[in-house]
Amino acid sequence: NAGVMQNPRHLVRRRGQEARLRCSPMKGHSHVYWYRQLPEEGLKFMVYLQKENIIDESGMPKERFSAEFPKEGPSILRIQQVVRGDSAAYFCASSRPPSGGGYSTDTQYFGPGTRLTVL
Amino acid sequence: SQKIEQNSEALNIQEGKTATLTCNYTNYSPAYLQWYRQDPGRGPVFLLLIRENEKEKRKERLKVTFDTTLKQSLFHITASQPADSATYLCALGGLGGGADGLTFGKGTHLIIQP
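Residue numbers (the numbering used here), protein chains in the order written: chain A, 1138 to 1256; chain B, 96 to 209.
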């Protein structure tokens, strides 16, 4: 039973380029979360998605960042026109749908992360 | 203001002893709290979840307590081993009607010395 998969594991971009980070949730999981971890900082929530829906993007920067989770395929976190301050580890987590319906979730299982370096 | 505080200094414990890590929070009302382990260069690994109506949870050598009056969780590792050395993260959940992510502390670096 494969865990959460993320690729690439390491990504190097020059300022102004685009970065695309991919996340495949665990089998049976339909909820995906993206987090960012800056050096010496805690994990910060960015966005929460279900298939074809963004549920909560309150932690996502308003510009240059977008996320999607299509009906088929992995979830994608896209960063346009990257700047040096975007250098960080980006983690994806997934969880099962809540048993009682609604959006409440509990245990989130994390992938290995993508380490983005902007030169 | 809202804060989650974990021991900022590294915690050095002798092998075989019990390690106790603290997570304090202010101005949050979590429905549940989770503890994760993170090794350098890797993603967080889920350890335990405790809900607001639970006082204590155990799993093998791990024990978590949750005091919603004190706004504190304690994480214990008994019979500690050098392999337990890692950063341990506290995370609050169920903060915003359910449709939200986890809010993490910065973590405590635990070192178990042989």
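For each residue, glycine too, the CB sits at the ideal point set by N, CA and C. For clarity, every value in this text was computed on a predicted model and none was experimentally measured.
Is the Cβ of Ser-1241 of chain A closer than 8 Å to any Cβ of chain B?
With a pLDDT of 49 at Ser-1241 of chain A, under the threshold of 50, the predicted position of this residue should be treated as unreliable, though the coordinate-derived value follows. Yes - at least one Cβ of chain B is within 8 Å of the one on Ser-1241 of chain A.
Between B:Gln-167, B:Asn-122, B:Asp-179, B:Arg-156, which lies nearest to Ile-207 of chain B when the distance is taken from Cα to Cα?
Nearest option by C-alpha distance: B:Asp-179.
Count Cβ pairs between the region 159-176 of chain B and the region 1202-1217 of chain A that sit closer than 8 Å; are there 3 or more?
no
Could you give the distance in angstroms between the alpha-carbon of Val-1149 of chain A and the alpha-carbon of Lys-150 of chain B?
45 Å
Going along chain B, which residues have a C-beta under 8 Å from Gly-1196 of chain A?
Gly-196
According to DSSP, what are the bridge partners of Lys-216 of chain B?
Any property of residue 216 of chain B remains undetermined from this structure, which presents chain B solely from 96 to 209.
So His-1168 of chain A is in the beta strand (DSSP E); what residue range does that whole segment cover?
Where His-1168 of chain A is concerned, the enclosing beta strand (DSSP E) starts and stops at 1168-1174.
Closer than 9 Å, Cβ to Cβ, to anything on chain A: give me those residues from the region 129-143 of chain B, in chain order.
Gln-129, Tyr-131, Gln-133, Gly-136, Arg-137, Gly-138, Pro-139, Val-140, Phe-141
Can you list, in chain order, the residues of its chain with a C-beta nearer than 6 Å to that of Glu-1205 of chain A? Leave out the 5 residues immediately preceding and following it.
Ile-1213, listed in sequence order.
Could you give the distance in angstroms between the alpha-carbon of Asn-119 of chain B and the alpha-carbon of Ile-172 of chain B?
18 Å
Considering just the uninterrupted stretch of the beta strand (DSSP E) at Leu-1256 of chain A, what are its terminal residues?
Run containing Leu-1256 of chain A: none; DSSP gives neither H nor E here.
List, in chain order, every chain A residue whose beta-carbon is nearer than 7 Å to that of Phe-199 of chain B.
Gly-1179, Leu-1180
Buried or exposed: Asp-162 of chain B, going by 16 or more other Cβ atoms within 10 Å of its Cβ?
exposed
Tell me, please, whether the region 1180-1187 of chain A touches the region 1147-1162 of chain A by the rule of three or more beta-carbon pairs shorter than 8 Å.
no
Might you give, ordered along the chain, the residues of its own chain that have their beta carbon closer than 8 Å to the beta carbon of Leu-106 of chain B, omitting 5 neighbours on each side?
Ala-114, Leu-116, Thr-203, His-204, Leu-205, Ile-206
Quick one: what's Glu-100 of chain B bridged to in DSSP?
Under the DSSP definition of a beta bridge, Glu-100 of chain B partners with B:Asn-119.
What whole-angstrom Cβ distance do Ile-108 of chain B and Cys-185 of chain B have, given they're in contact under 8 Å?
Their Cβ separation, rounded to whole angstroms, is 18 Å, which puts Ile-108 of chain B and Cys-185 of chain B out of contact at 8 Å.
Using the three-state DSSP reduction, which class does Asp-1275 of chain A fall into: helix, strand or coil?
As shown, chain A starts at 1138 and ends at 1256. That puts residue 1275 of chain A outside it, with no answer to give.
Going by C-alpha distance, which of B:Phe-170, B:Ser-103, B:Gln-129 is nearest Leu-197 of chain B?
Of all alpha-carbon atoms in B:Phe-170, B:Ser-103, B:Gln-129, the one lying nearest the alpha-carbon of Leu-197 of chain B is that of B:Gln-129.
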